[in-house]
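Undergrad:
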Amino acid sequence: MESEHGHEMTVGRRRTLYARCENGMWTARDAWNEDFVFNSLSCLPERDHDLELVDAAWRRGKGYVQHEKPDKYLYKEPYGFDNRLARRNPCNYSVDMGDKICGRDAAIRYHFDAETMTCLPFKYTGCGGNPNNFYTESDCRHRCTYMDHIKCPANSPPVRRPDGTASCFKRNNECPKGSSCQIGWKTGICCDNNVLEKYNENIHPDCGDRKVFILLGKSCQHQFCPKGAECRRGAFYAYCCQ
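With full-length UniProt numbering as the guide, the letters of the sequence shown map in order to residues 1 to 242.
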C-alpha cells in the first residue's frame, strides 16, 4: 500500500514503517528519527520522480539521501527484532561535498573524519551530499564524539605495555619509554612521543612569509580555506595560511 509517506511495510507482528525505494534498497524512518535499511529486500523505483523526492527531502533537512554506491561503513549490526533491519549512523559516511552542478550558494559545513576521529570543515555545494554534514563543529562533535573517549592525537595507535594495556595516570609516569601519558576525562593513554611532536607541529604550523595559520581540515581537496588563503598539507591535517 502506498501513502504520502511511501510504501507501507510491516516489521514483526505489530510494527509498521513507511519506506522509500532508494538505490534499490528499502529505506525507512523509526520513532527516533533514524534511518533504517532492509538489507535483504531489493526494490526498483517506478519512476525518476522518486529520486527527485529523495533529494528534495534531504535539502529540507529530513535526512533522506541518494547514494550512488553504499560503502562498507554504511550498515551496522542488525538492529531490533528483524535481522534484515540495520541502523545508519551519519558519522560513518565518507565526506561528500555535494553535487557539482547546483544552483545554491556554497557554504562551509563540518564532517566527522573517522580516520582521525575529528570534526573538520569542508565546502558544501548546497545540493545532494549525505548525512555526515553538520552546520557547526559543535553539532558534529555532539553527534559523533564522546566526552569519555580517550584517544591519542589524530587517533594514532597507543603505545602498549607487554601485557597489552595502554592506560595511565600522568602523575605516576607509567608509560613505556618513548611515550607520554595523555590525560582524558578520568584516566589517560600512552601515546608515541614522535607522533605527538608531528601532531603539535601540524596543529601549530609555521606558515612563514608573515602568513598566519587560521584553520585545520582533512584535505585541501575539500576547499575549506577562505578566499585568498593558501592550503597546505601536514602530517595529519591540511591547514590554511593567509
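By construction, the Cβ of each residue, glycine as well, lies at the ideal position given by its N, Cα and C atoms.
When the Cα atoms are used, what is the spatial distance from residue 316 to Ile214?
TA: Since the first residue of the chain shown is 1 and the last is 242, residue 316 is not available in this structure.
Undergrad: Among residues of its own chain, excluding the 5 on either side of Ile108, which ones have a beta-carbon nearer than 8 Å to its beta-carbon?
TA: Taken in chain order, the residues that qualify are Pro121, Phe122, Lys123, Tyr124 and Phe224.
Undergrad: Residues in its own chain within less than 7 Å of Arg160 by CB, not counting five upstream and five downstream?
TA: Correct list, in chain order: Ala166.
Undergrad: Which residue spans inside the segment 123-204 form an unbroken beta strand (DSSP E) run of at least 3?
TA: Here the runs fully enclosed are 179-183 and 188-192.
Undergrad: Quick check: the segment 177-190 against the segment 144-151, are there 3 or more CB pairs under 8 Å?
TA: Contact between the segment 177-190 and the segment 144-151 is present, because at least three Cβ pairs lie under 8 Å.
Undergrad: If we ignore side chains and look at the alpha-carbon of each, how far apart do Asp96 and Gly128 end up?
TA: So the two alpha carbons sit approximately 8 Å from each other.
Undergrad: Just how far apart, CA to CA, sit Ala235 and Tyr199?
TA: In a straight line, the C-alpha of Ala235 is about 7 Å away from that of Tyr199.
Undergrad: So what does DSSP say about residue 249, is it helix, strand or coil?
TA: Nothing can be reported for residue 249, as the shown portion of the chain is limited to 1 through 242.
Undergrad: Please identify the residue among Glu201, Asp163, Cys175 and Cys241 whose C-alpha is closest to the C-alpha of Ala154.
TA: When only C-alpha atoms are compared, the closest one is Glu201.
Undergrad: Of the choices His111, Asn89, Gly126 and Asn92, whose alpha-carbon is the least far from that of Gly103?
TA: The residue with the shortest Cα to Cα distance from Gly103 is Gly126.
Undergrad: Give the DSSP-derived three-state secondary structure of Cys207 in the structure shown.
TA: In this structure, Cys207 counts as coil in the three-state DSSP scheme.
Undergrad: What residue range does the beta strand (DSSP E) around Arg232 cover?
TA: Glu230 to Arg233 is the extent of the beta strand (DSSP E) around Arg232.
Undergrad: Might you give, ordered along the chain, the residues of its own chain that have their beta carbon closer than 7 Å to the beta carbon of Asn193, omitting 5 neighbours on each side?
TA: Within the same chain, Asn193 has close Cβ partners Gly178, Ser179 and Ser180.
Undergrad: Among Gly164, Ala238, Met117 and Phe112, which has the Cα closest to the Cα of Leu136?
TA: Reading off the sequence, residue 136 comes out as Thr, not Leu. Here the closest residue by C-alpha is Phe112.
Undergrad: Just to confirm the assignment, what range does the beta strand (DSSP E) spanning Asp105 have?
TA: Where Asp105 is concerned, there is no enclosing beta strand (DSSP E), given that its DSSP letter is neither H nor E.
Undergrad: What is the C-beta distance between Cys191 and Ser156, in whole angstroms, given that I count them as a contact (C-beta under 8 Å)?
TA: Confirmed, about 7 Å.
Undergrad: Please identify the residue among Asn89, Thr118 and Asp163 whose C-alpha is closest to the C-alpha of Ser138.
TA: Per the Cα distances, Thr118.
Undergrad: Once DSSP output is grouped into helix, strand and coil, what is the label at Pro226?
TA: Reduced to three states, the DSSP call for Pro226 is coil.
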